[in-house]
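Residues in the sequence shown are numbered from 212 upward in steps of one, following this note's numbering. Cβ atoms here follow ideal geometry from the backbone N, Cα and C, with glycine treated the same way.
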Amino acid sequence: RVKRNGRGGTAVFQLEIEAEALRRALVEQHLQEAVSRGELTLVYQPLVALGEGRITACEALLRWNNAELGFVSPAEFIPIAEQSGLIYGLDEWVILEACKQAARWRIQGYQIEMAVNVSALHVQSPELTLFVQRVLEETGTRPEQLRLELTEGALMLDMEEALRQLHALRGLGVQLALDDFGTGYSSLSWLQSLPIEQLKLDRSLLEHATEEPRRELVLASFVTLAQTLGMTVVAEGIETPAQLALLRHMGCDFGQGYFLSRPITPEAVLNLLSRPGDHMDAQVFGQIRSP
Ligand code: C2E
Ligand code: MG
Ligand code: MG
Ligand code: MG
């Protein structure tokens, strides 16, 4: 990396900004055609009930493979989709595909919950509830089987409108989760006022919790907080057996992370559901059962 000092440094900095702007423009341009060209796929990451090691849900995660750009991470293209308004179309595509997949698993004998990420902006619009209602009807998905994951930022843009939309979604019977909890500015009183029944603790809270007692205490207090508010709690980013053991000890309800399973194809999920012991750490969980 070139040092940014003197005139030359400014010029290099300028070039970097231009390169970034160019990349964004390129990503946006290709993203417009991503749905129609069939470049998007979903992978599914299992959520595991930590008590018994049972897979109870999967989170749908978007993957984009473009001929020119190759694989682009959602961490890069989701913000660009939000700024360009493309996110509405993407979110709708994901909701529809995820519900179709839930229907396939159901037909194959496994009724598990499907969690879908919904962008901040989308929660501000009544279109979302109407769309979700239509998809539930078209795919025959039971509303309780669908869980929408929202981030705090989503709700804070316009609290009143967001609350209206959350209540409308709850009215359909759809479940809601607050995603990436612990990274934002949530206050206790605010959390209490939300019609949300699941808290997902960001993986930054779990990181180093097994090494630093203070971090462990913070994590434990969030688990207790969620449960006190009558919510179920999910720990994200479980990467080691020690982290899993700690969360089970704390009584955390559900877990998700590379140690349990990476995001995988629908076929691989089906495989896990029918022979779960092959993939999960049977030593830690004892006898692991599928639903
Ligand atoms: P998220 O909803 O918090 O999803 C969890 C992210 O953490 C995923 O990254 C997942 O692959 C990753 N992850 C899971 N377990 C572990 C672990 O043990 N260790 C580590 N280091 N990472 C783990 P991914 O798929 O790259 O997605 C990043 C973010 O992009 C998501 O964060 C979500 O905010 C957004 N996103 C992904 N798919 C969609 C989508 O369909 N719609 C919308 N609106 N946003 C999406
Ligand atoms: Mg999520
Ligand atoms: Mg998350
Ligand atoms: Mg996250």
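For this session: Taking only the alpha-carbon atoms, compute the straight-line gap between S295 and E239 and give it to the nearest angstrom.
Result: 7 Å
Problem set entry | Nearest-angstrom Cα separation, counted from A309 out to T476 | T476 and A309 have their C-alpha atoms some 12 Å from each other.
Exercise. Can you tell me whether DSSP reads A326 as helix, strand or coil?
Worked result: DSSP, reduced to helix, strand and coil, places A326 within a strand of the structure shown.
Exercise. First and last residue of the beta strand (DSSP E) that includes Y255?
Worked result: In this chain, the beta strand (DSSP E) harbouring Y255 covers L251 to A260.
Problem set entry | Spatial neighbours of T252 in its chain, beta-carbon cut-off 6 Å, leaving aside the 5 residues before and after | R274
Exercise. In the DSSP assignment, what residue or residues form a beta bridge with T283?
Worked result: Thr is not the amino acid found at residue 283; the sequence shown has Val there. The partner list for V283 (beta bridge, DSSP) reads W275.
Exercise. Of the choices H378, E270, G249 and R235, whose alpha-carbon is the least far from that of Q467?
Worked result: The shortest Cα separation from Q467 among H378, E270, G249 and R235 belongs to E270.
For this session: With distances taken Cα to Cα, identify the nearest neighbour of L410 among E450, T267, S398 and A437.
Result: A437
Exercise. Which partner residues of F465 appear in the DSSP bridge assignment?
Worked result: A260 and V445
Exercise. By a C-beta neighbour count over all protein chains shown, 10 Å radius and 16 as the cutoff for buried, is E231 buried or exposed?
Worked result: exposed
Problem set entry | Contact test: N193 Cβ vs ligand 2 heavy atom, cutoff 6 Å | Beyond the ends of the chain as shown, which are 212 and 502, falls residue 193; an answer cannot be given.
For this session: Indicate whether the contact test is met: 3 or more Cβ pairs, each with one atom in the region 380-390 and one in the region 402-409, closer than 8 Å.
Result: yes
Problem set entry | Cβ neighbour criterion (16 or more within 10 Å) applied to P257 | buried
Exercise. What is the rounded straight-line gap between the Cα of V480 and the Cα of G393?
Worked result: Per the coordinates, the alpha-carbon of V480 lies some 29 Å from the alpha-carbon of G393.
Exercise. Residues in its own chain within less than 6 Å of Y396 by CB, not counting five upstream and five downstream?
Worked result: none
Exercise. I think Y255 touches P474, with their Cβ atoms under 8 Å apart; what is that distance to the nearest whole Å?
Worked result: 6 Å
Exercise. Quick one: Cα of T457 to Cα of A373, how far?
Worked result: The question names Thr, but residue 457 in the sequence shown is Leu. Distance from the CA atom of L457 to the CA atom of A373, rounded to whole angstroms, is 35 Å.
Exercise. Can you name the residues that DSSP bridges to D390?
Worked result: T362
For this session: Let me know if T221 comes out buried or exposed under the rule of 16 or more other beta-carbons within 10 Å of its beta-carbon.
Result: Exposed, since its Cβ has fewer than 16 Cβ neighbours within 10 Å.
For this session: Rounded to whole angstroms, what's the CA-CA distance from A431 to A446? Just pull it up for me.
Result: 11 Å
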